[in-house]
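Shown next, in structure tokens, is the structure this report addresses.
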Amino acid sequence: MVSAKQLCCALEAAGMSASAQGNIDAEIGGFSSLFRYRPGTMTFIVPERAFADYAGRFSENGIPVLIAARPEEKPAAAQCVIYVEDPRKAFFHLVETFFDVQESEEVTGISADPSVYRARSFVSPAAQIGEGVQIGVGCVIEGGVTIGGGTEIHHRVIIRSGTKIGSNCTVYSGACIGERGFNYTVGPNGEKHMLKHYGGVSIGNDVHIGENVCISRGAIDDTVICDGVKIDALAHIAHNCVIGKHSMVLVPTSISGSVEIGENCHIAADIIRNQVQVADNAMLGLGSVVVRDIPENTVAYGNPARPVRKRFEEA
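Its first residue numbered 25, the sequence shown is counted upward by one per residue in the working numbering.
This is the structure we're talking about:
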């Protein structure tokens, strides 16, 4: 059993400010979600929701520890509330600290042993594979590919020549990186001629690429995915795009050619026209169609997407 006081100490040790209201000696024996709550466990409520909307599901003092953000008031259902800035982050940190019994997130069938992954996939001898890289079943990794140390390549991933992937990345099953983009010229009779692309794909460190993501090679220069970018499943990123550090691209976003996205942007299931620039710290709302540039530190949404407010208050 773990007490609320121990939970607070663990958060403080991790640099997350935490304050408790209620019985700091309340104990938990595990964790569960708010919506499928199991008695005797800790849970959390995100700032976008109010616990009052769900309070009818719980008896008084039925939850030993609730993790929340202010200004959420302590509900009668909770023996102790631990207040933090980011409840989701704090909750999963505590789960990992006290209740994660798995040594690793092992993925069945991927291996760091070249004799194993070369038998199960095509990995060109001309590919440069870093130390500790794990590769799954049914992958195709061509010559001229570089993969940095500690990266995981899951099953049936295709990585074409001219692709560079940094260290500690994860590429989930079904992703295709470095195929030719969709780019053409029009002949005198309206016939379309597809253009060969001569660039590659350059992916930084600590990048997450979800399942069935497509990232096209650049036409002349590389398509660039910078450090810390997280790309959700089913996203399409066309030729010549640049996505800045620590930006998020959510399912099922489609980014057309030569789009530039700045750092720390949040792109939520949008369609972005070619040549558009999305500046640093911008947030694009769900289902937006982006046909013009988006200024920095802006929340924009709609069809066509229009800026509606600042994302972060200026100091």
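Glycine included, each C-beta is placed from N, C-alpha and C at the ideal position.
The DSSP-derived three-state label of PRO88 is strand. When C-alpha distances from SER312 are compared across GLU320, ASP304, GLU337 and VAL275, the shortest belongs to VAL275. Under the three-state reduction of DSSP, HIS260 is assigned to strand.
With a cutoff of 8 Å on beta-carbon distance, GLY54 and ALA102 are scored as not near each other. Annotation for GLY156: ALA136, GLY173 and GLY174 place their beta carbon closer than 7 Å to its own, counting only its chain and skipping 5 residues before and after. Contact check for THR170 and GLN152: beta-carbon distance about 4 Å, within the 8 Å limit, so the pair qualifies. VAL273 and GLY286 have their C-alpha atoms some 12 Å from each other. Secondary structure remark: continuous beta strand (DSSP E) runs of at least 3 residues inside the stretch 28-87, in chain order: 43-46 and 66-68.
In the three-state DSSP reduction, ARG333 falls in the strand class (E or B).
If you check the CB distance, CYS289 and ALA262 do not come in under 8 Å. Closest by C-alpha distance to ILE177, out of HIS232, SER139, GLU203 and PHE206, is HIS232.
Secondary structure note for THR121: its alpha helix (DSSP H) is the uninterrupted segment 111-122. ASN321 and LYS216 have their alpha carbons spaced roughly 40 Å apart. ILE134 sits away from GLU96, with the two beta carbons spaced by 8 Å or more. Cβ contact annotation for THR121 (same chain, cutoff 6 Å, sequence separation greater than five): ALA34, in chain order. Distances from the CA of TYR222 to each of ASP246, TYR107 and THR209 were compared; the closest alpha carbon is that of ASP246. Looking at SER278, GLU235, ILE91 and CYS265, the one whose alpha-carbon comes closest to that of MET40 is ILE91.
In terms of CA proximity to LYS113, THR67 leads the group THR67, LYS220 and GLU203. Looking at the backbone, the Cα of LEU31 and that of ARG73 are separated by about 23 Å.
VAL210 carries a strand assignment under DSSP once its states are collapsed to helix, strand and coil.
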